[in-house]
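K.L.:
So the sequences go chain by chain: E and X. In terms of my numbering, the first sequence has 25 at position 25, counting the first letter as 1, and numbering is strictly consecutive. In terms of my numbering, the second sequence has 112 at position 112, counting the first letter as 1, and numbering is strictly consecutive. The beta carbon of each residue, even a glycine, is placed where N, CA and C say it ideally should be.
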Amino acid sequence: MEQIKIIDTCIFHEYVGNDQAEVELMIDLFTQQSSTYYAELKIAYTHDDKNEWHDVAHKLKGMASFTGAEQLYQSCKTAQDNYECSKNDKSLILRTIEHNIEQATIFLKTIKGHE
Amino acid sequence: MEYYPSNRFEYTHAIKKNTIDGPHAWRCLHFEFRDLPEDNDIEKLAQKIFKIFESLEGCFYFDPRLRMTAFCKMGETVIIDDISYKIKNLIKGNFMCRIGEQKLLQNGILSMQFLFSPTSDEKQKLSQEFIVQERINRQNDVVMIVEDDLFARNIAKNALQSKFKVIEIDDGAKATQEYLAHSPDVLFLDIHLPNKKGYQILKEIMEVDPQAYVVMLSADAARDRVMSCMQNGAKGFIAKPFRGDKLYDYIRKCPTIRVYC
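#1: Mind checking who V146 (chain X) pairs with in its DSSP beta bridge?
#2: Taking C-beta pairs closer than 7 Å, name the residues in chain E that R243 (chain X) reaches, listed in chain order.
#3: According to DSSP, is H30 (chain X) helix, strand or coil?
#4: What is the residue span of the alpha helix (DSSP H) that A79 (chain E) lies within?
#5: Any C-beta of chain X sitting closer than 8 Å to the C-beta of L41 (chain E)?
#6: Using the three-state DSSP reduction, which class does E10 (chain X) fall into: helix, strand or coil?
#7: Would you kindly report the start and end of the unbroken alpha helix (DSSP H) that includes V228 (chain X)?
#8: To the nearest angstrom, how far is it from the Cα of W53 (chain E) to the Cα of M206 (chain X)?
#9: By a C-beta neighbour count over all protein chains shown, 10 Å radius and 16 as the cutoff for buried, is I6 (chain E) buried or exposed?
#10: Rounded C-beta distance between P194 (chain X) and M144 (chain X)? I'm assuming under 8 Å.
#11: Taking only beta carbons into account, state which residues of the segment 131-164 of chain X come closer than 7 Å to chain E, listed in chain order.
#12: Give me the subset of the segment 230-255 of chain X whose CB atoms are less than 9 Å from a CB atom of chain E, sorted by chain position.
#13: When you check each C-beta in the segment 55-84 of chain E against every C-beta of chain X, which residues fall closer than 8 Å?
#14: N40 (chain X) and K92 (chain X) - do their beta-carbons sit closer together than 8 Å?
#15: Report the option in X:L202, X:L217 and X:P118 whose CA atom is closest to the CA atom of R279 (chain X).
#16: I need the boundaries of the alpha helix (DSSP H) containing S34 (chain E), first residue and last residue.
#17: Identify the continuous alpha helix (DSSP H) that holds G244 (chain X) and give its terminal residues.
#18: Is there at least one Cβ from chain E nearer than 8 Å to I219 (chain X)'s Cβ?
#19: Residues of chain X with CB closer than 7 Å to the CB of E22 (chain E), please, in chain order.
#20: From the DSSP secondary-structure annotation, give me the bridge partner or partners of C97 (chain X).
#21: Answer yes if the segment 52-69 of chain E comes into contact with the segment 83-100 of chain E, meaning at least three C-beta pairs across the two stretches below 8 Å, and no otherwise.
#22: Indicate whether D149 (chain X) and K59 (chain E) have their beta-carbon atoms separated by less than 8 Å.
#23: Measuring CA to CA, which of E:L29, E:V16 and E:Y45 is closest to S86 (chain E)?
#24: Spatial neighbours of I48 (chain X) within its chain, please: C-beta separation below 6 Å, excluding the five flanking residues on both sides.
#25: Just curious, the beta strand (DSSP E) that G113 (chain E) is in, first and last residue?
#26: What residues in its chain sit with their C-beta under 6 Å from that of K246 (chain X), if we drop five residues either side in the sequence?
#27: Using the beta-carbon count (16 or more within 10 Å), is C10 (chain E) buried or exposed?
#28: Indicate whether at least one CB of chain E lies closer than 8 Å to the CB of H182 (chain X).
#29: Apart from the five residues on each side of it in sequence, which residues of its chain come closer than 8 Å, Cβ to Cβ, to T105 (chain E)?
What follows is the structure in structure tokens.
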């Protein structure tokens, strides 16, 4: 069974391209924007705002699809599809998303040439 | 005839009518036109309005208390305001005419204001003409991206900015207004936007600019959604994630784009 990747680099370069300056710009943007979306998702969870949860998960899923962040994509899809689930379930989903964002960010930094 | 800078024209003329002062008395009328649309000859228009007044039967009088001019015959009264529809038909273009202030001047001259404003059809026509002229007159091709996701917006902008002037909008509420301000050749429009959905924006833009070249963007490429957008005037639909060259597939087909791509 094929393992879901943290980042599929073929997909990443297919959408982001190969120009090093642009690659670095988009990685910085991913790092910044994923952090923003995670914060918004957490607020939606805290306030039990189902619609906001759905919309933020949708946007984060979209960004994951552009960067080949497959694990993050799957966890965001779960979040979006289960926007009406209980707070307990949402808490688990939120932790998974946080972990996936961290992993994706670390991986992308290696592409950028850091660490 | 006198001209004022604020699109205000005045015209004074005398008509012979039966009045309360006596039969066949001369009455001097002073017309003030405001916001008269272009392509209308003021003097000819004023003369036509005078002819309408002369054709009305009855005794001509001005009620200073109501500040209203009327013609009265055999107990029936026609107030001047009621004939504004006749004046509307004398104007080139789709404009409404409203009679404004009426007053008796010190020298006995009766003064009337005629106020003109475009109908919504005319406003739409004027907007369309403006958009077409903007595209013809400007030096470069313009592409607008309405997308709230910063990442997707950057992907699109990076692909296009070397060849086009790119306008980025991240809020649905501003989209239609910015479209009218920039008259883009191509609009890439996300469906899921904050404050106003892409469907609604598409509808608004097609009403103002039926020639608009709009391509929808969405992560959800369900068939019924695609069909709905195409039926409402969109020229295409791109599913997210997309590569930059996918945008060019549609740009190439836009009839107003001049850049070879």
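P.N.:
Working from what's here:
#1: One-based indexing of the second sequence puts residue 146 (chain X) at position 146. Looking at the DSSP assignment, V146 (chain X) forms a beta bridge with X:I169 and X:L189.
#2: As a position in the second sequence, residue 243 (chain X) is number 243, starting the count at 1. Here the neighbours are E14 and Y15.
#3: Position 30 of the second sequence holds residue 30 (chain X). In this structure, H30 (chain X) counts as strand in the three-state DSSP scheme.
#4: Indexing the first sequence from 1 puts residue 79 (chain E) at position 79. Looking at the DSSP string, the run of the alpha helix (DSSP H) that includes A79 (chain E) is E70 to D81.
#5: Position 41 of the first sequence, counted from the start, is the residue given in the question as residue 41 (chain E). With 8 Å as the cut-off, L41 (chain E) does not count as an interface residue toward chain X.
#6: On the second sequence, residue 10 (chain X) is found 10 positions in, with the first residue counted as 1. Looking at E10 (chain X) - three-state DSSP - the assignment turns out to be strand.
#7: Within the second sequence, residue 228 (chain X) is the residue found at index 228, counting from 1. Reading off the sequence shown, one finds Ser at residue 228 (chain X), where the question assumed Val. Unbroken alpha helix (DSSP H) run through S228 (chain X): R223 to Q231.
#8: Within the first sequence, the letter at position 53 stands for residue 53 (chain E). Within the second sequence, the letter at position 206 stands for residue 206 (chain X). Straight-line Cα distance between these residues: approximately 32 Å.
#9: The residue given as residue 6 (chain E) occupies position 6 in the first sequence. The residue in question, I6 (chain E), is buried, as its Cβ has 16 or more Cβ neighbours within 10 Å.
#10: What you label residue 194 (chain X) is simply residue 194 of the second sequence in a count that begins at 1. What you label residue 144 (chain X) is simply residue 144 of the second sequence in a count that begins at 1. Rounded, the Cβ-Cβ distance is 17 Å, inconsistent with contact.
#11: D149, L150, F151, A152, N154, I155 and N158
#12: K240, P241, F242, R243 and G244
#13: D55, H58, K59, K61, G62, M63, S65, F66 and T67
#14: Your numbering for residue 92 (chain X) matches position 92 in the second sequence. Your numbering for residue 40 (chain X) matches position 40 in the second sequence. Their beta carbons are under 8 Å apart, which means K92 (chain X) touches N40 (chain X) by this criterion.
#15: A question about residue 279 (chain X) goes unanswered here, because the residues of chain X that appear run from 1 up to 261.
#16: Taking the first sequence and counting its residues from 1, one reaches residue 34 (chain E) at position 34. From DSSP, the alpha helix (DSSP H) with S34 (chain E) extends over Q20 to T46.
#17: Stepping through the second sequence from its first residue, residue 244 (chain X) is reached at position 244. Unbroken alpha helix (DSSP H) run through G244 (chain X): G244 to I251.
#18: Taking the first residue of the second sequence as position 1, residue 219 (chain X) is located at position 219. Per the sequence shown, the amino acid found at residue 219 (chain X) is Ala instead of Ile. Yes - at least one Cβ of chain E is within 8 Å of the one on A219 (chain X).
#19: To locate residue 22 (chain E), count along the first sequence from 1; it is residue 22. In chain order: N158.
#20: Residue mapping note: residue 97 (chain X) aligns to position 97 of the second sequence, counting from 1. DSSP output for C97 (chain X) lists X:F116 as bridge partner(s).
#21: yes
#22: For the purposes of this step, residue 149 (chain X) is identified with residue 149 of the second sequence, where counting begins at 1. For the purposes of this step, residue 59 (chain E) is identified with residue 59 of the first sequence, where counting begins at 1. Taking 8 Å as the Cβ cut-off, D149 (chain X) and K59 (chain E) qualify as a contacting pair.
#23: For the purposes of this step, residue 86 (chain E) is taken as the residue at position 86 of the first sequence. For S86 (chain E), the nearest C-alpha among the options comes from E:Y45.
#24: Numbered from 1 along the second sequence, position 48 holds the residue referred to as residue 48 (chain X). Contrary to the premise, residue 48 (chain X) reads as Lys rather than Ile in this sequence. Cβ within range, chain order: L90.
#25: For the purposes of this step, residue 113 (chain E) is identified with residue 113 of the first sequence, where counting begins at 1. First-last for G113 (chain E): undefined, no H or E at that position.
#26: Within the second sequence, residue 246 (chain X) is the residue found at index 246, counting from 1. Within the same chain, K246 (chain X) has close Cβ partners I238.
#27: Looking up residue 10 (chain E) in the first sequence gives position 10. Per the 10 Å Cβ criterion, exposed.
#28: What you label residue 182 (chain X) is simply residue 182 of the second sequence in a count that begins at 1. No, H182 (chain X) lies away from the interface with chain E (no Cβ there is under 8 Å from its Cβ).
#29: Along the first sequence, read from residue 1 onward, the residue named residue 105 (chain E) stands at position 105. Here the set comprises F30, T31 and S34.
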